[in-house]
Amino acid sequence: MTLPMTIRVLRTLLALLFALAGLAAAQVAVQDHIVRSEGEGRTWSRTFERALGPLVGPVDTGERVWIAAGPQLYALSSQGAVLARLHLPGEAVALDGSGGELRVTVRYGAVNETFGVVNDTLDGRVVYPPLANVTSSLERAAREGLSFDPRRPLDSRGAAALLRERARRDPSNPFTLAYLSVAARNAGDAQSAQEAAESALQTRDPFFVLVRLARFFDSVGQSALADRALDLARQNAADLGYDPALPMNRAALLAYGNPLGYLDLLLDQQKTRRADAWIRHLRVLSPRFEGYRDVYARYADVLEAQGRDGEAFDWRRFSDELSSGTPYNLGPNALLAVRDVARLATLAVVASLLAMLLSFGARAWTQQGKDLAPLGGRYRSWARHPLSRLRRILLSYWGFGEKLVLVALLAALLVVLGAWTWSSRTYVRAGTDVLNFGTYGGAWFYDGLERLGLDVASREARFVRGLAAQLDDDTATAREQYGLAGKSGCNLNNVGVLLAGGGDPATARARYRDALALSPNLVAPAYNLGLEPGGFETNFQRAYRVGPRLCYPDARSVGAAVDGVLTGEIRTITNNPWAYLTRFPSGLAQPLQWAWVGLLLFACGLSFLWLLVPRVPGSKVARRPWRYRLLAFLFPGVAFLDVAWGLVLLLAWATSLVAGGATLGLARFPYLLDFSGAGVRTTLLLALAVTYGLNTLLLLLDEVAHVRRVRATSARA
């Protein structure tokens, strides 16, 4: 062995010996919520707040000790000082330092996701699911053990001393620093207060932490600091891929700092100036939050009460603008409005069917009894002469036009039941958390899509997956999904963004032009072509992002992605009505569900078949019993169903009757119309009066015509 090689071997052995000696000298251990390092020169301990969650680790890399406390990942020095802290998107369940790279695994319910740690940052895109226990962990930890209200400490000097010590031990918690700034200011130490506040805003935490900080600063009168925190929050949200084009439900808003709850509090306290800052924050970052229409209307009312009519008009106009892209442009509750229309139509059709069955049953009852007497009577004839009895069921005494109306009403019932089912199910599925937290992507999002069970052949579902992959910087998957999503304006625009990112701006602009030609109202391709379109989406893009703008799915597309479109539902109920109707959300037990579905389908088949069966001879000129005359008066239109306008009169009566029941509280259609108003009641009473008046006049004329027909028949006989 040569001398140089011998020297290299000795150096390697010495390095290994020193490393082993270091490990022997200092062992880092975790016990409950305490981390201890014992050994020569490295004896220290650190206690983590229980509010953070269980400790995971440690991983000792020699220069640093990494320890995870719930959703927080800390880098500690050899003396136990906090060198860095990373906010994880979920609670940590594993730390791994093998292979020279630190990896942390977090859990969202039943889903795990692993991130690498590079230069004190999480490698790759990080999506923070709306998990309140994760997003509020720092604030809970800062409040743990405090015996005073950090907004109004009674002993400011004592509170400042306690908080200063806490900040020294963990300078990375922005809430501890914010509390310290208030205590120091109240104690007369303005410089320390300013330094602590500045440090709180420089901790590089996600936007929801900054929103919580803004709430705290606002509540103690530091509006300038609150505004800075909100602006930083918007910038961070934009960097993380959150966008105002995507909706955000109340659960997500609550997890992300609850700005809506604080806005409601400010409006209740009539603090309009500060409420303006918070509502504008929501307007910029997530204008389509759940319940936005009521909130904007309330704020507009406040502005009008102050004589600021122009601003109030702007807020109302903006609220109406957000209805674009919803189903039938009905706004955020469009699917609920469709559901209420379907419910009202269902009840009206059922009322019409009952009126028909009762009236025509009363008309034919006596004549049927006479016809069945020679066959053994109304019931025994089923056993003695089943075919003859079947020929003389009540439906056989109806005219062809009346039977045709029955078929039409039963078909309409199937259609409105399909619309009811589709709107209810689509509203629930489109309103799930995974599609309403302001962005797409990440393991939590993809797991949610799998749970929804989207149709893999749906173009809209393909587009949603492609957009999520593009936000996650997975260009290969994005291209694949967009290629299967078909040709649409949004799809072409996002393909153009991929091309621009890949260094092909000329082809990208061609895609933008194709997208705009296909969908002239799209904002994203117009923005990317430099046409300077207005609107909240482009304002956000100009203020907080650089580069081309992506196109996001509107509410119609999301509804189609999760549950198809209404026309597809009608096709499904036509092809397989049994399977469809047995899943109808009636709330009944399964045997009862099977019973009414079987009865409905049997009625549909029988009525269609009986179109081919001629009317029983003599039933048209048979004497009309008083029961039929009474029911024909009570149910407008039933006496004239052999002509088209009879059905119109019957449906008008049934609809007015159901709507009238809503005014009395017997039925509710909250998203269709407010039936409690006096004007609505007057209109419904007038409609009923008109239908009954018309029906009475027509009945009198029909009775005269019927008497003439009977006399003419008798004369010929």
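Using mature numbering (1 follows the signal peptide of the UniProt record, and there is no 0), the letters of the sequence shown map in sequence onto residues -26 to -1, 1 to 691.
Backbone N, C-alpha and C define an ideal beta-carbon position, used for all residues, glycine too.
These numbers come from a predicted model, not from an experiment.
**Prompt:** Do G422 and T406 have their C-beta atoms within less than 9 Å of each other?
**Reply:** yes
**Request:** Would you kindly work out how many angstroms separate the C-alpha atoms of Y216 and L378, rounded to a whole number?
**Result:** In a straight line, the C-alpha of Y216 is about 55 Å away from that of L378.
**C-beta atoms of P494 and Y501 nearer than 9 Å** = no
**Item:** Inter-residue spacing [alpha-carbon to alpha-carbon] between A42 and L29
**Value:** 6 Å
**Message:** What does the alpha-carbon distance come out to for the pair Y274 and D648?
**Reply:** What sits at residue 274 in the sequence shown is Ala, not Tyr. Cα to Cα, the separation comes out at about 21 Å.
**Message:** Give me the residue from T88, L580, E75 with the minimum Cα distance to A68.
**Reply:** T88
**Item:** C-beta contact flag for A188 and A170 at 9 Å
**Value:** Result no, Cβ atoms of A188 and A170 do not sit closer than 9 Å.
**Prompt:** So, are the CB atoms of L384 and A577 less than 9 Å apart?
**Reply:** yes
**Prompt:** What residues in its chain sit with their C-beta under 6 Å from that of T395, if we drop five residues either side in the sequence?
**Reply:** F558
**Asked** What number of angstroms, rounded off, separates the C-alpha of K245 from the C-alpha of E113?
**Response** 25 Å
**Request:** My understanding is that P527 touches F437, with C-beta atoms under 8 Å, so please give their C-beta distance in whole angstroms.
**Result:** 6 Å
**Message:** I believe F263 touches M222 by the beta-carbon criterion, under 8 Å. Please report the beta-carbon distance rounded to the nearest angstrom.
**Reply:** 5 Å
**Message:** Please tell me whether V91 and L60 are closer than 9 Å, where the distance is taken between their beta carbons.
**Reply:** Contact: yes.
**A(-6) to A106 span [Cα, whole Å]** = At A(-6), the pLDDT of 41 sits below 50, so the modelled position is not reliable and the matter cannot be decided from this model.
**Message:** Using 9 Å as the threshold, is the C-beta distance between L204 and A174 below it?
**Reply:** The beta carbons of L204 and A174 sit no closer together than 9 Å.
**Request:** Could you tell me which uninterrupted alpha helix (DSSP H) segments, each at least 4 residues in length, are contained entirely in the region 495 to 522, listed from first to last along the chain?
**Result:** 497 to 502, 510 to 518
**Prompt:** Q341: buried (16+ other C-beta within 10 angstroms of its C-beta) or exposed?
**Reply:** buried
**N-terminal and C-terminal residue of the alpha helix (DSSP H) that F576 is part of** = 564 to 583
**Asked** When the Cα of E434 is compared with those of V532, R140, E65, A84, which residue comes out closest?
**Response** V532
**Request:** Identify whether A84 lies in helix, strand or coil by the three-state DSSP scheme.
**Result:** Reduced to three states, the DSSP call for A84 is coil.
**Request:** May I ask you to verify whether the region 298 to 313 touches the region 633 to 646, counting CB pairs closer than 8 Å and requiring at least 3?
**Result:** Yes: at least three Cβ pairs fall under 8 Å.
**Item:** C525 to S462 span [Cα, whole Å]
**Value:** Each residue's Cα considered, the two are about 11 Å apart.
**Complete alpha helix (DSSP H) runs within the region 520 to 565 (minimum length 4 residues, chain order)** = 529 to 537, 540 to 549, 551 to 555
**Message:** Can you tell me whether A347 is buried or exposed? The criterion is at least 16 other CB atoms within 10 Å of its CB, across all chains shown.
**Reply:** A347 is exposed by the Cβ-count criterion.
**Prompt:** For L492, which residues from the same chain have a beta carbon less than 6 Å from its beta carbon, with the 5 sequence-adjacent residues on both sides left out?
**Reply:** G463
**Message:** What would DSSP say about A(-3), mapped onto helix, strand or coil?
**Reply:** Since pLDDT at A(-3) reaches only 43, below the 50 mark, its modelled position is unreliable, and no value is offered.
**Request:** Quick one: measure Cβ to Cβ for A226 and P306, integer angstroms, because I've assumed they're closer than 8 Å.
**Result:** Contact flag wrong, Cβ pair sits at about 15 Å.
**Residues near L638 in its chain [Cβ-Cβ closer than 8 Å; skip 5 each side]** = none
**Item:** First and last residue of the uninterrupted alpha helix (DSSP H) at Y153
**Value:** 148 to 160
**Asked** In this structure, does DSSP put D70 in helix, strand or coil?
**Response** strand
**Message:** Closer than 8 Å to a non-hydrogen atom of the ligand SAM - does that hold for the CB of Q196?
**Reply:** Absence of the ligand SAM is noted for the structure shown, with no ligands found whatsoever.
**Alpha-carbon spacing of L136 relative to G31, whole angstroms** = So the alpha carbons of these two residues sit roughly 29 Å apart.
**Message:** Quick check on DSSP: helix, strand or coil for G54?
**Reply:** coil
**Message:** What does the Cβ neighbour count give for E376, buried or exposed, with the cut at 16 atoms within 10 Å?
**Reply:** buried
**Request:** Answer yes or no: do S432 and A529 have a C-beta to C-beta separation smaller than 9 Å?
**Result:** no
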